[in-house]
Amino acid sequence: MRRSLLRSTAIIASLMLIGYGVAVTQDRADPRWLVLLVVIAGLWAVALWPSRPLAPGAQVILHLALVFAVGFGLVTVQVLRAHLLDRDRILAKASDPASGVIDLRRVLAERRIERGRILLRDGTVLASDTVDSSGTRVRVYHEQYGYVAGYYSPGLYGAAGIEQAWDGQLSGQRATSWDAWLDGLLHRTKRGHDVVLTVDPALQALGQRLLGDRAGAAVLLDADTGAVLALVSSPAFDPNQLSVPLGATAEQLDRARRSFDRLQQDGRGPLLLRPVQGQYTPGSIFKTVTAAAAFESGIATPDSLYRDDGAIVIDSRVIIERNRPDPSRVAYSLREAYGYSLNVVFAQVGLQLGGQRLEEMARAVGFERAIPFDLPVVPSRIARTSDFLASQAGLAETAFGQGQLQVTPLQMALVAAAVVRDGTIPRPYLVAEVRTPDGHVVWRRTPSEWLRAFDGATAEALRDLMVWSVENGYAQPARIEGLRVGGKTGTAEVGDAAPHAWFIGFAEAGGHRVAVAVVIEHGGSGVQVALPVGRSLLEAALREG
Amino acid sequence: MQLLVIPACASLVGLLTISLARVGETRWTWSDLVVSLLFIGVIFATSFWLALLRAAADQVVFPVVTVLACLGLLLSQRLGPAIQQSGVWASLAQRQLAYFLLALAALWVTVAVVRSFHWLKRLKYTWAVLASTLTVVTMVFGTDLGSGARLWLDFGPVTVQPGEVVKVLLVLFLAGYLDDHRELIAGTYRVGPIPLPPLPYLIPLLTMWGIAVLAVVLQNDLGNALLLFGIFLAMLYVATRRFMYVFGGGLAFAAAVVAALRLVPRVSQRVQIWLDPWRDPTGLGMQPVQADLAFAHGHIFGSGWGFGYPQSIPVVATDYAFAALGEELGSLGTVAILSLYLLLVMRGLSIAIRIRHSYVRLLTVGLVSVLGLQTLIILAGTVRLLPLTGITLPFISAGGSSLVTNFIMVGLLLRASELVRG
Numbered sequence: 001m002r003r004s005l006l007r008s009t010a011i012i013a014s015l016m017l018i019g020y021g022v023a024v025t026q027d028r029a030d031p032r033w034l035v036l037l038v039v040i041a042g043l044w045a046v047a048l049w050p051s052r053p054l055a056p057g058a059q060v061i062l063h064l065a066l067v068f069a070v071g072f073g074l075v076t077v078q079v080l081r082a083h084l085l086d087r088d089r090i091l092a093k094a095s096d097p098a099s100g101v102i103d104l105r106r107v108l109a110e111r112r113i114e115r116g117r118i119l120l121r122d123g124t125v126l127a128s129d130t131v132d133s134s135g136t137r138v139r140v141y142h143e144q145y146g147y148v149a150g151y152y153s154p155g156l157y158g159a160a161g162i163e164q165a166w167d168g169q170l171s172g173q174r175a176t177s178w179d180a181w182l183d184g185l186l187h188r189t190k191r192g193h194d195v196v197l198t199v200d201p202a203l204q205a206l207g208q209r210l211l212g213d214r215a216g217a218a219v220l221l222d223a224d225t226g227a228v229l230a231l232v233s234s235p236a237f238d239p240n241q242l243s244v245p246l247g248a249t250a251e252q253l254d255r256a257r258r259s260f261d262r263l264q265q266d267g268r269g270p271l272l273l274r275p276v277q278g279q280y281t282p283g284s285i286f287k288t289v290t291a292a293a294a295f296e297s298g299i300a301t302p303d304s305l306y307r308d309d310g311a312i313v314i315d316s317r318v319i320i321e322r323n324r325p326d327p328s329r330v331a332y333s334l335r336e337a338y339g340y341s342l343n344v345v346f347a348q349v350g351l352q353l354g355g356q357r358l359e360e361m362a363r364a365v366g367f368e369r370a371i372p373f374d375l376p377v378v379p380s381r382i383a384r385t386s387d388f389l390a391s392q393a394g395l396a397e398t399a400f401g402q403g404q405l406q407v408t409p410l411q412m413a414l415v416a417a418a419v420v421r422d423g424t425i426p427r428p429y430l431v432a433e434v435r436t437p438d439g440h441v442v443w444r445r446t447p448s449e450w451l452r453a454f455d456g457a458t459a460e461a462l463r464d465l466m467v468w469s470v471e472n473g474y475a476q477p478a479r480i481e482g483l484r485v486g487g488k489t490g491t492a493e494v495g496d497a498a499p500h501a502w503f504i505g506f507a508e509a510g511g512h513r514v515a516v517a518v519v520i521e522h523g524g525s526g527v528q529v530a531l532p533v534g535r536s537l538l539e540a541a542l543r544e545g
Numbered sequence: 546m547q548l549l550v551i552p553a554c555a556s557l558v559g560l561l562t563i564s565l566a567r568v569g570e571t572r573w574t575w576s577d578l579v580v581s582l583l584f585i586g587v588i589f590a591t592s593f594w595l596a597l598l599r600a601a602a603d604q605v606v607f608p609v610v611t612v613l614a615c616l617g618l619l620l621s622q623r624l625g626p627a628i629q630q631s632g633v634w635a636s637l638a639q640r641q642l643a644y645f646l647l648a649l650a651a652l653w654v655t656v657a658v659v660r661s662f663h664w665l666k667r668l669k670y671t672w673a674v675l676a677s678t679l680t681v682v683t684m685v686f687g688t689d690l691g692s693g694a695r696l697w698l699d700f701g702p703v704t705v706q707p708g709e710v711v712k713v714l715l716v717l718f719l720a721g722y723l724d725d726h727r728e729l730i731a732g733t734y735r736v737g738p739i740p741l742p743p744l745p746y747l748i749p750l751l752t753m754w755g756i757a758v759l760a761v762v763l764q765n766d767l768g769n770a771l772l773l774f775g776i777f778l779a780m781l782y783v784a785t786r787r788f789m790y791v792f793g794g795g796l797a798f799a800a801a802v803v804a805a806l807r808l809v810p811r812v813s814q815r816v817q818i819w820l821d822p823w824r825d826p827t828g829l830g831m832q833p834v835q836a837d838l839a840f841a842h843g844h845i846f847g848s849g850w851g852f853g854y855p856q857s858i859p860v861v862a863t864d865y866a867f868a869a870l871g872e873e874l875g876s877l878g879t880v881a882i883l884s885l886y887l888l889l890v891m892r893g894l895s896i897a898i899r900i901r902h903s904y905v906r907l908l909t910v911g912l913v914s915v916l917g918l919q920t921l922i923i924l925a926g927t928v929r930l931l932p933l934t935g936i937t938l939p940f941i942s943a944g945g946s947s948l949v950t951n952f953i954m955v956g957l958l959l960r961a962s963e964l965v966r967g
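These protein sequence lines map, in sequence, to chains A and B. Quick note on numbering: the working numbering labels position 380 of the first sequence as 380, and the sequence is numbered without any gaps. Quick note on numbering: the working numbering labels position 404 of the second sequence as 949, and the sequence is numbered without any gaps.
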């Protein structure tokens, strides 16, 4: 009885030691693990020690048998560790390019897999695999919208964009369906899953046509769900030029290298996916955030009156007002100040708020953090240096959208969406669903809320401001017959160069809401340059949908 | 007899899979299966031959060995086309098949010739002289086949590795010698405070230690040193029943290994590769790194015969045969193979326990220890439990000398099993 208790204790202890060892050590020949193995061998010897005394001649042979049993046991532990427990560690180490290890099995497996397609929601194929005349798999992209998918270049540059972020599904490695498992078992050509994007090709084409060859970006969101309807970046690149398959010829490699060098040396940055990676000074569109902070903290309402004499001096810095509709008038409500984009008024609102409350609101709408999206998003910044908002001049400049602000178009589209959605920000998404090659949906996105930026009353007040701006203010050209449209233009000063032209806005019809952000780099006036693009996108989104 | 059906089926299915996986379609002809049919015919014929000679032999050992040899044969068929070799008289697959037939012939002869163990015992000093002659001849005239040690004798078309035979001769000698002197337990004497074993044990103990050390220093052959010394300690323990001798011997061997680590750069390099192959994963550490990858890719079920890529491991057919099997048969396969080896060892030892005749019992323990220790040492190297040493995996690794010797040992084991008391 005591004997069997001892045996089972020794076995359990050895199992626990194995668990501990695997958790603590990274490698099977780590000295600490080897020491543990010696201890485990001792425990097994205790567990297996022959209990009944036999003839002495038989006893010694049993001891020999014990040594062999323990030895084979240790080999089993080691080999199972390599097969099962250390598997991911080993594969991860080998796939690290810095190690120099060539894992031919992975390369061969990848050549056997037909990578899933990337589709738009109407079935337009953005990216798919074809087999060329020499039997090599090549990734082929849609010539116009291909860049939205990123690129896949296993022979040279790895992957980027959706191709990288959704590699698990596209390559079929994370595919969990029964068919995928069966394909692997039967060594059939594996097909990765298809990834379906939310982008509407008509809206995307419209956006690209409107931007033309001007550098800039446009994001069109379904404000109800957070789905991205158009993600325009200009100038774009053709991912076909970078797609280099495994086992590519020297000529293919050379061509891709030349294309990549050319894209990198292009001063306009075609490789940058501007809606999520471009960082711009926002200019007046940021007044929306300042106003939100003012309403949320209760220091002002749309009707609060401010004085604008045409200039204001803050900390010996002079801010000149160029936007007043009537130079003889000095009193403006906050609503009018927003619609006429009065910097002097918003400088005062900023000072009234203080740096902390302004920064809190910026963070509440998503600044200073990575937006959860299907592609990596650069966080928008309220200030580059931590004490910038502590200075009166810095605070005032930030309040009307200059200062050290750096924003992405996606971030500003989300601000517009929050206004039209009663203060919540949806989790933006680009991937709607994942399908098996024969069209069976294996995963579908459930739209969700990401943040609550401000409460419903603030959202209502902001809607009042943005709609007034379109009905009566400078954003009047954005009016669309039959739709409720709100918007704000911006003309962001960037040093001596021409200013960035901005527009953010929303439109509502029949309970359906969309939000947009457009920036045109060094485009000039927001009203004349960015607004028409935003207006067309809003109109097309609601008229069609 | 019925147990032989398992390796027969395994060889048919395995070979079919291998040849089909290469072509990529499900069409086959009988000519693809010649090797398997030959294998099945030969093992059943052997079984009949064994039954003819004597019916009372053990019925488990031969089927287990056949399964292992079947795996070895399949592995060589699988690796043969993948590994290009030049300057050899036939492909890896063909050679392994020829060796297998030769090995079975050796088994037939052994079982036919060794009808009684008396003359084996009487000739014990002949075995010793033969073993030393072979060793010396190899050291002087031997050639190096790329392992850095002169372990082979070159006879034109074939090269023989005498080290394999020396192991058996050593067991034959030690069994006879230790059995003659087993009455001498009382003759302990002391040097100062340390009790020493009686001279008849002390002298071979020192000699073996010396041989092992020489093997390490002269041939850089840590694995064989460990194997030879391990066999000796196992037999010494069973003969004398004194744990202290084993303990003392082990300590002395460990001291020699530590010294070798300091003094012989090749040995310390092996240890470095064992502990951290990722320091140089494409050079010195390439073998263990690629073997780790093979195991990792094998996962639970393995990739299946012919669907892995074991040829990425250098010297896969001998040193890393187990990793190749691990990749294609998965963890289920490797655990099954380990169980088969353990079953073989346990069966052998259980035969030994039940033999009353002390010489035969000692001989059996010796033979089982050769097989068991050899398996353990090479497997421990493959799975990075110990530094890798270039000895063969019994029955599975490619190589004629080892296969023939192992089947001779199986023959002796089968003959010994007849002496089990009912």
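For every residue, glycine included, the Cβ atom is placed at its ideal position computed from N, Cα and C.
Spatially closest choice to residue i from the options, by CA coordinates
i                      : options                       : result
residue 355 of chain A : A:371, A:398 and A:343        : A:398
residue 513 of chain A : A:371, A:291 and A:229        : A:229
residue 408 of chain A : A:319, A:279, A:310 and A:192 : A:279
residue 492 of chain A : A:222, A:281 and A:95         : A:281
residue 300 of chain A : A:283, A:316 and A:332        : A:332
residue 837 of chain B : B:825, B:868 and B:863        : B:868
residue 391 of chain A : A:316, A:429, A:432 and A:412 : A:316
residue 340 of chain A : A:371, A:239 and A:287        : A:287
residue 359 of chain A : A:320, A:292, A:334 and A:336 : A:292
residue 873 of chain B : B:844, B:860, B:895 and B:892 : B:844
residue 655 of chain B : B:964, B:951 and B:965        : B:951
residue 658 of chain B : B:678, B:647, B:598 and B:712 : B:598
Span of the alpha helix (DSSP H) around residue i
i                      : result
residue 307 of chain A : Careful: residue 307 of chain A lies outside any alpha helix (DSSP H), inside the beta strand (DSSP E) at 305-307.
residue 63 of chain A  : 56-80
residue 359 of chain A : 355-364
residue 683 of chain B : 669-686
residue 882 of chain B : 866-899
residue 49 of chain A  : Run containing residue 49 of chain A: none; DSSP gives neither H nor E here.
residue 148 of chain A : Residue 148 of chain A -> no alpha helix (DSSP H), and no H or E assigned at all.
Endpoints, the beta strand (DSSP E) within which residue i is located
i                      : result
residue 332 of chain A : 331-333
residue 425 of chain A : 424-426
residue 588 of chain B : Taken as a continuous stretch (DSSP letters only), residue 588 of chain B belongs to no beta strand (DSSP E), being part of the alpha helix (DSSP H) at 579-598.
residue 953 of chain B : Run containing residue 953 of chain B: none in the beta strand (DSSP E); it sits in the alpha helix (DSSP H), 945-962.
residue 25 of chain A  : Run containing residue 25 of chain A: none; DSSP gives neither H nor E here.
residue 128 of chain A : 125-131
Check whether the region 258-271 of chain A touches the region 225-243 of chain A, counting contact only when three or more Cβ pairs, one atom from each stretch, lie closer than 8 Å. yes
Check distances from the C-beta atoms of the region 877-893 of chain B to those of chain A and list, in chain order, the residues that come in under 8 Å. Result list: 879, 880, 883, 886, 887, 890 and 891.
Can you list, in chain order, the stretches of the alpha helix (DSSP H) that have 4 or more residues and sit fully within the region 755-832 of chain B? 767-785, 788-808 and 810-820
Per the contact definition of three or more C-beta pairs closer than 8 Å, is the region 408-424 of chain A in contact with the region 456-469 of chain A? yes
Against chain B, which members of the region 45-59 of chain A pass a CB distance test of less than 8 Å? 56, 57, 58 and 59
Is it true that the region 379-388 of chain A meets the region 293-312 of chain A, where meeting means three or more beta-carbon pairs spaced less than 8 Å apart? no
With 7 Å as the limit, tell me which residues of the region 778-805 of chain B have their beta carbon closer than that to any beta carbon of chain A; keep them in chain order. For chain A, the residues of the region 778-805 of chain B that bring a beta carbon within less than 7 Å of one of its beta carbons are 779, 782, 783 and 786, in chain order.
Residue ranges of each alpha helix (DSSP H) within the region 265-293 of chain A, 4 or longer: 274-277
Runs of beta strand (DSSP E) wholly within the region 446-473 of chain A (minimum 3 residues, chain order): You should have 449-452.
Identify each residue in the region 809-824 of chain B for which the Cβ-Cβ distance to at least one residue of chain A is less than 9 Å, and report them in chain order. The region 809-824 of chain B vs chain A, Cβ under 9 Å: 819, 820, 821, 822 and 823.
Does the count of Cβ pairs from the region 469-489 of chain A and the region 255-266 of chain A closer than 8 Å reach three? no
Quick one: any contact between the region 498-517 of chain A and the region 369-378 of chain A, if contact means 3 or more CB pairs under 8 Å? Flag = no, the region 498-517 of chain A and the region 369-378 of chain A do not touch.
Touching by the beta-carbon criterion (3+ pairs, under 8 Å), the region 810-822 of chain B and the region 60-76 of chain A: no
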